[in-house]
Each structure stands twice: as C-alpha cells, then as structure tokens.
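One line per chain: the protein sequences are W and F, in this order.
Numbering-wise (my numbering), the first sequence opens with residue 1 and increments by one.
Numbering-wise (my numbering), the second sequence opens with residue 1001 and increments by one.
Presented below is the structure to which this report refers.
Protein chains: 2
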Amino acid sequence: MKETLYGIILAGGVGSRFWPLSRVTSPKQLLKIAGDESLLKTTIKRLSPLIPQRRISIVTNSAQAEIIRLHLYDAGHPSEGWVGGRGVELVVEPFGRNTAPAIGLAALKLLQKDPDCVMAVLPSDHLIARGETFRRTLRAAAAAAREGYLVTFGVIPTRPETGYGYIKTGGAIKTLNNIKVKKVERFVEKPELKKAKRYLKEGGYYWNSGIFVWKAGKILDEIRLFLPSLYKNLLSIQRGAAIEEAYEKMESISIDHGVLEKTEDIAVIEADFPWSDMGSLNSLKEVFSPDRDGNIMKGRVVDIGSKRSFIIGSDRVVATIGLKDMILVDTPDATLVCPRDRTQEVKEVVDVLKKRGYAEHESHITVERPWGAYTVLEAGDHYKIKKVMVLPGRRLSLQMHRKRSEHWVVISGAARVERDGKVFMVKENESTFIPKGAKHRLGNPSRKKPLELIEVQNGSYVGEDDIVRFKDDYERG
Amino acid sequence: MKETLYGIILAGGVGSRFWPLSRVTSPKQLLKIAGDESLLKTTIKRLSPLIPQRRISIVTNSAQAEIIRLHLYDAGHPSEGWVGGRGVELVVEPFGRNTAPAIGLAALKLLQKDPDCVMAVLPSDHLIARGETFRRTLRAAAAAAREGYLVTFGVIPTRPETGYGYIKTGGAIKTLNNIKVKKVERFVEKPELKKAKRYLKEGGYYWNSGIFVWKAGKILDEIRLFLPSLYKNLLSIQRGAAIEEAYEKMESISIDHGVLEKTEDIAVIEADFPWSDMGSLNSLKEVFSPDRDGNIMKGRVVDIGSKRSFIIGSDRVVATIGLKDMILVDTPDATLVCPRDRTQEVKEVVDVLKKRGYAEHESHITVERPWGAYTVLEAGDHYKIKKVMVLPGRRLSLQMHRKRSEHWVVISGAARVERDGKVFMVKENESTFIPKGAKHRLGNPSRKKPLELIEVQNGSYVGEDDIVRFKDDYERG
C-alpha cells in the first residue's frame, strides 16, 4: 500500500511587504490578490483533488490562528467546491521561529497519526497557475519522497528574474511520469541581473519555490542530524513540555539553511508551471497583465502618461501624471507610493507605522467575519460608526457590551434582534437601540438578501474588545 | 477731496490646477491653503484697513455666486476682525469671459456710484505677505491712478522664477512715499530658466502680479478705445439688455492682452512684498518651508528617503519611499501623484474626471455650510450616511424632504428638533426619526458646544436637491 500524502501549509507570516493591502489582521495569505478567493483558500483548493481537506494542516502562530480559523468558514464569497475549511487542522506555534521549527512540529504530529506518511510542505501565499501540472508534479515528488529523497520543487525559469533564489542542478536521478528528478548541486541566493541572465542561458538552474515533499520521518531524522537542539526541543513538546518554553529556546532558522543545504539526500523536481512567491508589491505584475505602456491600472484611476507603473486603486479616485516605474497602492485608509525597485522597503514603512502606533498597520477599515463584515465609517473617542453586513441566514454571537450602547438603523434587508430575551424584527428604514449592558444578538433571517445596517456606538470606551460572548455559531470565546 | 478707493476682487475661477484640494464647489479662493482662513477672506481682510468692506465688490459668476455668498457668512472659523462679509457686494456675471469683461462690468457699476472713483483690481486667490507694505504700495498706486495712469503692480523678483510673467520697465516716472512708479517697456510671457536668470541679474524686470489700480472712468475709456465691441456690450447691459445675451456676444479676453499691452498710459509700481499667484500645486512651496531634504510633509506621512517632494496628506496615512521632485496630495476621497514640473497638467486630470462623471471633481466629502458642516461617510442608491456638525447657536433651515426619511443619532452635544410643529430636545446617545414629508428643523441651542450627530437617510432618492426650504437664517432659496 502507498504511504498516505499529507499537506502542510505554512501560514505564519503577515507579508508586511504587501502593506497597505496586507495588515496584521489581514495577512497576505488571506488577501484576494489573485481572484475571488484568498491565496490560502486557493492553496487548499489546489491540493484538494489530490489531498482531501482532512489530510491538510495549516501551521500558524497564536496571533493568527483565530483569524485563519474564522477565515476558513466560508464568509459568503464565491467559492465553488469549498467545504468551509472544515477538517483542515490548525497546528499552532506560540510564535514564529522560521520554517525549520514549523516543519518539525508538523512532522512530529503527522508521525503520530501515520508513521510512514509523506508530507508536502507548501507556502500559503504563493501564486501558482495550472493546478493540474502542479498536482502531477506533486504526485511525482511524492513517489521520489517515498524512496527517501528530500524533494524540493524547482520551477523552470522563464525570464532572468532577480527576485528569486535559484537551485543549480546536477545530473538526472530519474524520470517519473515524464517529470525529471535531479540532483542538487547548490542553492544560489537572489542573483544580480547579469548572473540571472547567465543562469537562464546556461540552463540547469531552477527557481527555488519553497515547496518541499518528504517523508515526515525522514525530515525529522535530518533535523536530528543537522539541528540537534531543535530536535530536542521538539521532542520535549511531544513529551508534554510547555510549547511556549520550548519555542523560547529554539533558534529561528529556515529549513533551507538548517537542513537542505547540508543534506546528501536532497533532490529537485522540475516544476513546469507559472509560479510567483509574491515577495513584494512588484509581484503584482504576475497577477495582472500590463498594458502596452507597461502599466497596470485597477480601480478608479485617472492617468496621464505614466510608464511601467502599477496603480492599484479601490473606490477612491487616484490620479497620476507621468509616473515612471512606480507603484501606487491605494486602500480606503492608506496610500503607498514608491519606485518598483524599492518595494522591499515597504516592510520598513510598516515598522514606522507600528512604532508610531498608527492603527493602519493593524487592520483594514473593513473587517470580514464568518457572519459577514463590518466597515468602520468614522471613529472618535466616545463614538464609532459602523456599516454592518450580515449574510443571509447568519447571525452574530449573543453578546453584551459593558461600556457602550448601540443604535442600529437598517438600510437594507431586515434584522432579527434579540434584546434581553425579547425577540423582534427591525425592517428597512427602522431603528432600534441596544442599551449598555443589554444581552443582545443580531441576525439575518433572510435566505437570500444580505442585511445592511448602520451602527452608531456611544460610550466611554468603544474598542472591539468590550464584548462578552454568551453563545456563538463560530465558537469564539 | 480725494477720489474714493474701491476694491474689486476677481473670484470667478475654480483653480482646477489645485485639484484634489480644489473642487467646483470649493474653488481655490475658498481654500484655507495658507492658514486658518480662505484666500478670499484673507484678500478682503488685507484690504480692510484701507478699503472698508462696503467699498469692496467681488466679481464672480452665477455658478459660484451662492457658494461665495454663503462662504462670506462666518462659518465659525477663527476669524479675528471679520465682520461676516456683510457689506461686500457681489457682481455676478452669467459666466466667465476672462478679466476684461469682468473688470469692465465692475467699472460701469462703480461709475454709477462714484464718477471719480479709483478701483483696485485684485485676484482673490493669490498669496501676499506683509499686508502693511501691500497697503502702502496700494496707496501710492491710487495716487498715480488719480493722475490718469493705469497702474500695474510689479513685484520685485527674488529668484529666477519661470512660473510668472515679467514686466520690463522703462524709466522712473516718479516716486510716491518712497515707492517707485515706472514706465512699462513691455510685458514678457513666462520665460525659460536661462532668461529668468538673466532678468534677475540685469534688473529692471518685475513679476507681473495681476493687481491693477486705475480710475473706473479711465479703464472704460481704454476699453472703448481698444475693445469697442466689449464696450458696446457692456453699455447695452447698463441700458437694460439681458446680461446673458450681452455676455454671449463678448469675446473672452484678458485685460492684459486687450488693453494693457496696447495703451500708452500704463505704469508699473514697484511692489516689495512676498507674492505668489498660487498657479499650481507646486506653489505650495510658497506656503510651507521645505525641510533640509527639500521636502514638505503635512499630515500622517511616513516617508523613507524622498527628496524635494511635497507630500500633503490629511487624516489618512500616506507612505512614500524614494520620491524625487514629486507632489502627492491626498484628500479623503482622492489622491494625486505627479512630478513637480507637471502640475500644470492637473487641469487635464480634472477634465477627465468631469468627462467620466466622477463626483470627485465636483465637491469634497466634507461640505461647509454657514450653520456648520457635514461629511458624507457613505452613500448608496437609496441611503446616505452623514456626520452633521452644527455650530453653537446656529440652525439649519426649516425644511422638508419629499423622497427620504432621516434618522438622527446625537453623538455629541444636544439638538433642538422641530418636527411638524412639535419642538423637543435630543441629547447625546439619543435618537429621533424624521419621516418623509415632515416639516423639520435642526438647531444647536448651546452657546459653546458644537452639536454632532449621525444622519442616516433612507429613501427612493437621496440627492441634496430634494429639499423644500420654508425659512432660512441664511436666505437660501
């Protein structure tokens, strides 16, 4: 019998180079950059024909676990074939320590379920086209992994890209289903353009995709060999040590540096599908096709004569004149402008935002919830105005606020309101009042029509954390 | 007895090169670019010690007249010495036809009041510092005007500016209160940098400020001589012809091209005060002092390494990396980015906005009213959410809407509400409902505290023009 294939999706980062699109509470993997669904959901769905959701785990950290859990509930977005993320397991690190600890932790857990299993390790925030080719490659990689190889996906380069690491290959090991498995000669850091051009011309170089396939037992053997301290700490967790303490002791190291660059048993499998690591906003060129001036323009953009520039707007008007090789990303509460070759520095912008205590690094004004979404229209010291949308058939938790009251005015649809045990309907153009301390619940009983209402909060404190939940459809605390 | 001095302020333009700061309903002269008050109010107050408000007229067109009239009511902004614009007369053209018709029309009206009067013609949207020097120059110019000269203000250049027209002077005519009055040799269009440098070095060149002083009778004589068709049309208005028809027949021409470049009786008076025509967003450098990197940064800006760039933000976060010689202007609903040497093209952006029917060329989301201000937080087909602020002691009109109802939730202060004859108070954290068709009035009875409320409009139509006014403190129709 074949060893079972499991999927391990790494989803611990924020992707702050994607700010202002990404936020702490909207990490890059949850963004709908490349279509109607998030990169994470797309990653899961890409695996699904080969690996069912019950054999997929997401490794994340405690700061993101709840955000990801709620995201996996289908929040009403077009999602053919999506079964609500149920069955997908979350493996929660107390905090991120790069890929080696994350992969080690996941491997240990898998071994307990299935001692012979093969695991595919996948970033949650990459762009991959041609899912069928991807899965064919994955199947071949799994076959090689069963023979004891640590298999890394090497994407066939299509241009002299300076934004990726490269893998220099040695001779062919074998061919599986017309897909080549090759020896790895060495890993190469992001090259300069001249070198990248040479690699492309010479051949024998692949882009290092960060996708790996191996037996869970094999990678743990290698970690024991090359990262003995990490191995010890991982084992202590399995034996019941507090995970926080074990993680405090771990060094932060990638599986590439820690294991793959040292092991003998490494192999690279030729992956022939369009791929991007979405490493910075400049990667938006992988998602959208530039026009004949090399521009990408989305949203309500008015441009005069820009060249090779990406203007990503939203509902606001963005006007540009004569930009050259620039990126402009506009969101409802923040705008970024920078040269395309300096998108790496966006991370530093986010650091400044954090230091200054600007909320714009933390969250978007529109926040998705499993029951729908809300948008903060305006906020002051003692009041907050929200537009609240509740999906058909969904409801918020039964809750109470200690420090604020709420006025609700329905602008579309009808609301089922529970307030201190009394249940009543509030229809379009009607309003109701939820006093401070009242136990209340808001729901949309319609089967088809979303409910939209304006909430005016008043009180001495209007933070999101002033909430006591009594019952919740989404198991929130 | 001395001839009386009158002020004629030209305020007919939108100043669309200042978009997104300027809008059709917030023309440049009404912007508070250079302080707490609008350029127009500052222009009036600069004249006041010399020309009382009852001798000041503003020439504008019918599209802007009501906006300017309401603006002249003090809308609660710090405004020492401002007497609410009362006494200032509006001279309303049906539409703009450049400066010659505007000045001719104003001169005709003045002649009827005072046949010997001297008129000072002033743009409403320029920046002038050192008001005392300005008024001293104006007094001297008036003296020269009494002797029959058409006097134009020539500002002493302080740098080789390529954004202004120049006046080449001839010999001195005389000196009045230490201020030189000189002959004009010729008018020079905006020069290239090389020429501008030469002008500065050679001396004898002034910046053409567009400020003029002359007898009303004299300028009409000159118009009769050099623009006979315009003169005929102006006269027909005085004799009772419809002003629209007369204006239809007029050619659009500036007083500079039409008269000043042709007449013999022109003189230039040396004006030694800091001045800017605020011709484009690049003129913001006249208002704010650049830092040591040459940058101007206002608002919540996070910048990494930009040079010689102007980043004018507001409440939103604007992040910039490595901009060079760029301008970024951010407003709540629109952002503009362009090189500093292409700010002239902002006008074209506005043309595109207009063509596409984007409301962002028309008005800001915050609209000032004589009773306070409102901000549109969100709008849909059948609803609109506004934050409304009513100044202490002010009230809106007694009004009625045919197609919408309104929910009001008070978030700060207290409201005096009149609804179908009934009067009641609505306090902080209370709400009330104004049904469709109800005659209602909102006021702030407090002497100190502004009233703030959230208005949720619901209805088949939520346009601003669905309003029937019964009574109004500000004489609106």
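Virtual Cβ for every residue (Gly too), placed ideally from N, Cα, C.
Please read all numbers here as calculations on a predicted model, not as lab measurements.
Any Cβ of chain F within less than 9 Å of the Cβ of residue i?
i, result
"residue 77(W)", "Caution applies to residue 77(W), whose pLDDT of 39 falls short of 50 and renders its modelled position unreliable; the value that the coordinates give is listed next. Chain F contact via Cβ: absent."
"residue 16(W)", "no"
"residue 467(W)", "no"
"residue 377(W)", "yes"
"residue 429(W)", "yes"
"residue 31(W)", "no"
"residue 360(W)", "yes"
"residue 316(W)", "yes"
"residue 19(W)", "yes"
"residue 256(W)", "no"
"residue 442(W)", "no"
"residue 24(W)", "no"
Between residue i and the rest of its own chain, which residues show a CB-CB distance below 7 Å, the 5 nearest in sequence each way excluded?
i, result
"residue 1409(F)", "1431, 1453 and 1454"
"residue 344(W)", "17 and 280"
Shorter than 9 Å from the beta carbon of residue i to some beta carbon of chain W?
i, result
"residue 1326(F)", "yes"
"residue 1322(F)", "yes"
"residue 1433(F)", "yes"
"residue 1367(F)", "no"
"residue 1356(F)", "yes"
"residue 1349(F)", "yes"
"residue 1143(F)", "no"
"residue 1214(F)", "no"
"residue 1245(F)", "no"
"residue 1239(F)", "no"
"residue 1319(F)", "yes"
"residue 1474(F)", "no"
For the ligand COA, any of its heavy atoms closer than 8 Å to the Cβ of residue i?
i, result
"residue 1231(F)", "For the structure depicted, the ligand COA is absent and the ligand set is empty, with no information on it obtainable."
Ordered along the chain, which non-local residues of its own chain (more than five positions away) have a Cβ less than 6 Å from that of residue i?
i, result
"residue 260(W)", "266"
"residue 1075(F)", "Any reading at residue 1075(F) needs caution, since the residue's pLDDT is 43, under 50, leaving its predicted position unreliable; the model's value is listed next. 1368 and 1370, listed in sequence order."
"residue 1177(F)", "1140"
"residue 1309(F)", "1295, 1323 and 1326"
"residue 255(W)", "99, 100 and 103"
"residue 29(W)", "11, 39, 40, 124 and 125"
"residue 274(W)", "129"
"residue 1252(F)", "1097 and 1098"
"residue 407(W)", "433 and 456"
On the CB-based measure, 16 or more other CB atoms within 10 Å of its CB, does residue i come out buried or exposed?
i, result
"residue 424(W)", "exposed"
"residue 1324(F)", "exposed"
"residue 1136(F)", "buried"
"residue 333(W)", "buried"
"residue 217(W)", "buried"
"residue 316(W)", "buried"
"residue 1360(F)", "buried"
"residue 64(W)", "buried"
Given residue i, which residues of its chain have a CB within under 8 Å of its CB, disregarding the five upstream and five downstream residues?
i, result
"residue 169(W)", "154, 182, 183, 184, 185, 204, 205, 206 and 268"
"residue 1428(F)", "1410, 1411, 1412, 1413 and 1414"
_Contact between the region 192 to 203 of chain W and the region 220 to 240 of chain W (3+ Cβ pairs under 8 Å)_ = no
*For the region 1141 to 1161 of chain F and the region 1101 to 1121 of chain F, state whether three or more C-beta atom pairs, one from each stretch, are separated by less than 8 Å.*
yes
*Taking only beta carbons into account, state which residues of the region 332 to 345 of chain W come closer than 7 Å to chain F, listed in chain order.*
333, 334, 335, 336, 337, 338, 339, 342 and 345
*At a cut of 8 Å, does the region 439 to 454 of chain W reach the region 412 to 419 of chain W through at least three beta carbon pairs?*
yes
*State whether the region 1401 to 1408 of chain F contacts the region 1454 to 1470 of chain F, with contact taken as three or more CB pairs (one from each stretch) at a distance under 8 Å.*
yes
*If we count Cβ pairs, one from each stretch, closer than 8 Å, do we get three or more for the region 1092 to 1108 of chain F versus the region 1023 to 1040 of chain F?*
With a cut-off of 8 Å on Cβ pairs, the region 1092 to 1108 of chain F is not in contact with the region 1023 to 1040 of chain F, counting fewer than three such pairs.
*Hey, is the region 1236 to 1252 of chain F in contact with the region 1198 to 1211 of chain F, meaning 3+ C-beta pairs nearer than 8 Å?*
no
*Please confirm if the region 1148 to 1164 of chain F is in contact with the region 1054 to 1062 of chain F, defined as three or more CB-CB distances below 8 Å between the two stretches.*
Verdict: no, contact absent.
_Inter-stretch contact (C-beta, 8 Å, three-pair minimum) for the region 127 to 135 of chain W and the region 41 to 51 of chain W_ = yes
*Taking only beta carbons into account, state which residues of the region 377 to 402 of chain W come closer than 9 Å to chain F, listed in chain order.*
377, 378, 380, 382, 383, 385 and 387
*Using a Cβ cut-off of 7 Å, which residues of the region 401 to 420 of chain W contact any Cβ in chain F, in chain order?*
405, 407, 409 and 411
*Could you name the residues of the region 1271 to 1304 of chain F whose beta carbon sits closer than 8 Å to any beta carbon of chain W, in the order they occur along the chain?*
Taking 8 Å as the Cβ-Cβ cut-off against chain W, the residues of the region 1271 to 1304 of chain F that qualify are 1300, 1302 and 1304.
*Relative to chain W, which residues along the region 1451 to 1467 of chain F have a C-beta separation below 7 Å, given in chain order?*
1454, 1456 and 1458
_Pairs of beta-carbons, one from the region 1300 to 1310 of chain F and one from the region 342 to 360 of chain W, closer than 8 Å: are there three or more?_
yes
*Check whether the region 1427 to 1443 of chain F touches the region 1386 to 1397 of chain F, taking contact to mean three or more Cβ pairs, one atom from each stretch, closer than 8 Å.*
yes
_Give me the subset of the region 1115 to 1147 of chain F whose CB atoms are less than 8 Å from a CB atom of chain W, sorted by chain position._
none
*What residues in the region 89 to 111 of chain W have a beta carbon less than 7 Å from any beta carbon of chain F?*
none
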